[in-house]
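Data first, discussion second: the structure below is written as structure tokens.
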Amino acid sequence: MRKIFQYIMLAVVTIVMASCTSDIEETTATTGKSNVQLVVGEFPAFGDSQTRAIGTPDEGKTSWAEGDELILVIDNTSYGSHSATFTYNGKSWELTSGELVYREGDPAYIPHVYYAPNYKWEAGELFLKKGKVAGTDEYIEGKAIITGNGETITVSFAEATRKYSRLRIATLPNEQITVDTEDFTPAGSSDMEQKGNYTLTSDEKGNAYLYGTFENNSEVTVKYREAPLKTYTFSQATENAKSYALDASIISLAGEGITYDQIVEDVKKELDAGKTYINIILAPDVDKETLEAILIGLQDAGYGSINLTLIGCKKIPYEGFKHFNMLKSIALPDVTEIEGKAFSGCTRLQKVVLGNLTKVYGNVGKNGIFDGCRTEDIDLVLSKDQKVMNGGETEGGYCWTADIKDYCGSDEHNTPEFLGYGFESITCGYPVP
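Written out as structure tokens, the structure is:
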């Protein structure tokens, strides 16, 4: 029987990193049989920073990070095909599953090495891990060779080709967003999805990523709790290995000391930049003066041209959006209370997203919140927790209050009617924390 020349396992492997600023460190581990060395080249970062037109260019991931995994597959006659997974601990790579085994005199080669965080090697191919979704992370195949009389395995992604593009979404930091896609092929898949839905969590810089290929005229919509932050249609198919940026960013007007003029200026800058999706964070107790400043900032917008999302505000004051005739849609995902005639004068509204309402003032035709709007042309979106609203006279006028009965599936929903108004459609079901 021929002796085992190499038996690569956790106990006998030392892994070193290649650096872009220094030579590979020549470190080896001596075993009873031989010296074994695994050398991993630098991470293949996306380049093409010119495509990142949102604020400061952000290269995204540029180096290996703790928890990163590499999957190596090895073939030889004696042991057939098997695999091993190595995980980076912040300083070196450790064998965390499987094994690589080959014999002296029996030529072995590594046909596959992957950086594919969503996948695992099983039954001779890559399968999605439980709970993972294709298109939400990289899927890169590199090269690995056995050299030095079998004493070294060198892994390189220098010549790796990404068969997909990256979409970087600039939005709220450390928040969950949803992304609806059309005609999108996720990285790691060969099947194009006509309709896709992804839940992503942005990093501390406000970046979230999708990896795959968008076709010509395909569409992507970014939402925060069903509030639309951005919709974009690709004018041509995306290119492999190229990074694209989508601006779903939000301006904050919730801090202390922000003046009326500052609000006007900040909103006007968004409009002057050509944005039709304007997303703002406001204080929970937003006052009418703040909303008036937003109106002034938007006064040069065309009728029915602006999609406005206001995050954070809990209560809308009386006539809060009066004369906002530039609104095509408005989203108020955190609002729980609305005073009378809130949307009077919003004659071009096509879509309204509301939070989990508990109290609304005003009856239809008598200071109702949608008086003066063509609600029969409006698509209304409510939270999954919305209750049926019961209206009646109170000491302060007419008021709708929340029942214990769910609105979704109720007679009013099936009509569809809400707060006494009829709508083009009423959708309920998005979650509100």
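If you use my numbering, the sequence shown corresponds to residues 1146 to 1578, in order.
We put the CB at the ideal spot given by N, CA and C, even for glycine.
| Query | Result |
| --- | --- |
| Give the secondary structure of Gly1442 by DSSP, where H, G and I count as helix, E and B as strand, and everything else as coil. | helix |
| May I ask you to list the residues that DSSP assigns as paired with Gly1537? | Cys1544 |
| For a test of the three-state rule: what should DSSP assign to Leu1317, helix, strand or coil? | coil |
| Are Tyr1566 and Val1509 close, meaning C-beta to C-beta below 8 Å? | yes |
| Taking the CB atoms as reference points, tell me whether Lys1532 and Asp1548 lie closer together than 8 Å. | yes |
| Mark Asp1445 as exposed unless 16 or more other C-beta atoms lie within 10 angstroms of its C-beta, in which case mark it buried. | exposed |
| Rounded to a whole number of angstroms, what is the C-alpha to C-alpha distance between Phe1188 and Ser1474? | 43 Å |
| Should Thr1592 go down as buried or exposed, given a rule of 16 or more other Cβ atoms within 10 Å for buried? | The shown model of the chain, from 1146 to 1578, leaves out residue 1592, and the question about it has no answer. |
| Going by DSSP, which residues form a beta bridge with Arg1311? | Tyr1356, Ser1388 |
| Does Leu1416 come out as helix, strand or coil in the three-state DSSP assignment? | helix |
| How many Å lie between Tyr1377 and Val1365 at the Cα? | 5 Å |
| Name the one or two DSSP bridge partners that His1257 has. | Val1218 |
| Is the beta carbon of Glu1569 sitting closer than 8 Å to the one on Asp1524? | yes |
| What residue range is occupied by the uninterrupted alpha helix (DSSP H) comprising Asn1559? | 1556-1559 |
| Inspect the beta-carbon positions of Gly1280 and Ala1315 and report whether they are closer than 8 Å. | no |
| Report, in whole angstroms, the separation of the C-beta atoms of Gly1500 and Val1480, which I expect to be a contact under 8 Å. | 4 Å |
| I need the boundaries of the beta strand (DSSP E) containing Pro1189, first residue and last residue. | That residue, Pro1189, is in no beta strand (DSSP E); it is neither H nor E in DSSP. |
| Considering only their Cβ atoms, is the gap separating Asp1251 from Ser1223 smaller than 8 Å? | yes |
| If we ignore side chains and look at the alpha-carbon of each, how far apart do Ile1571 and Gly1449 end up? | 20 Å |
| Can we say the region 1315-1325 touches the region 1236-1244, given the rule of at least three CB pairs closer than 8 Å? | no |
| Report all residues from its chain with a CB closer than 8 Å to the CB of Thr1306; omit the five preceding and five following residues, and keep chain order. | Asn1385, Ala1386 |
| Judging by CA-CA distance, which residue of Val1412, Ser1489, Gln1495, Leu1527 is the nearest neighbour of Ile1514? | Ser1489 |
| To the nearest angstrom, how far is the alpha carbon of Ala1353 from that of Ile1290? | 34 Å |
| Distance check for Glu1434 and Lys1504, CA to CA, integer angstroms please. | 22 Å |
| With DSSP as the reference, identify every bridge partner of Lys1236, one or two as the case may be. | Partner(s): none; Lys1236 has no beta bridge. |
| In the DSSP assignment, what are the bridge partners of Ala1372? | Tyr1369 |
| Just verifying my parser: in three-state terms, what is the DSSP assignment at Gln1407? | helix |
| To the nearest angstrom, how far is it from the Cα of Glu1415 to the Cα of Ile1423? | 7 Å |
| Can you look up Lys1433 in the DSSP assignment and give me helix, strand or coil? | helix |
| Taking buried to mean at least 16 other C-beta atoms within 10 Å of its own C-beta, is Lys1178 buried or exposed? | Any reading at Lys1178 is ruled out, since the residue's pLDDT is 26, under 50, leaving its predicted position unreliable. |
| Put Glu1134 into one of helix, strand or coil per three-state DSSP. | Look at the range of the chain in this structure, 1146 to 1578, and you will see that residue 1134 is not part of it. |
| Throw me the rounded Cβ distance for the Glu1286 and Val1258 pair, which I believe falls under 8 Å. | 7 Å |
| Pick helix, strand or coil for Thr1520, following the three-state DSSP scheme. | helix |
| Looking only at its chain, what residues have a beta carbon closer than 6 Å to the beta carbon of Ile1396, apart from the 5 residues adjacent to it on each side? | Asp1411, Ile1425 |
| For a test of the three-state rule: what should DSSP assign to Glu1482, helix, strand or coil? | strand |
| Within its chain, find whatever has a CB closer than 6 Å to the CB of Gln1381; leave out the 5 residues flanking it on each side and keep chain order. | Asn1361 |
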